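Written below as structure tokens is the structure these notes are about.
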Amino acid sequence: MENPLLGHEPLPPFARIRPEHVEPGVRELLERSRARIEQLAALERPTFATIVEPLGNCSIGCRERGHPSAT
575 MENPLLGHEP LPPFARIRPE HVEPGVRELL ERSRARIEQL AALERPTFAT IVEPLGNCSI
635 GCRERGHPSA T
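Start counting the sequence shown at 575; every next residue gets the next number (this note's numbering).
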């Protein structure tokens, strides 16, 4: 089952979202967000550009869409 909450579209396809997609989708997005925060926290020489800007640009919908904070 493909989870529409985890797609790469700018907005999720709301008509395809079902209740069974929510919990696994949110868990996956939280896991990705935590992993990204760990990457940022591990930077040896953090700067505004390498910490604050990626966090400011990344939201729940960031999801590796070629967004600078998703790399």
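Ideal Cβ placement from N, Cα and C applies to all residues, glycine included.
Only a predicted model underlies this, so the values are computations on that prediction, with no experimental measurement involved.
Practice prompt. Please classify T624: does DSSP put it in a helix, a strand, or coil?
Written response: Taking the sequence shown and counting its residues from 1, the one referred to as residue 624 is at position 50. Reduced to three states, the DSSP call for T624 is helix.
Fill in: Beta carbon proximity, P598 to chain C, threshold 9 Å
Among the protein chains of the structure shown there is no chain C, as only one such chain exists.
Practice prompt. Excluding the 5 residues preceding and the 5 following E594 in the sequence, name in chain order all residues of the same chain whose CB lies nearer than 6 Å to its CB.
Written response: Here the question's residue 594 lines up with position 20 in the sequence shown. Shown here for E594: not one same chain residue has a beta carbon closer than 6 Å to its own, the five before and five after excluded.
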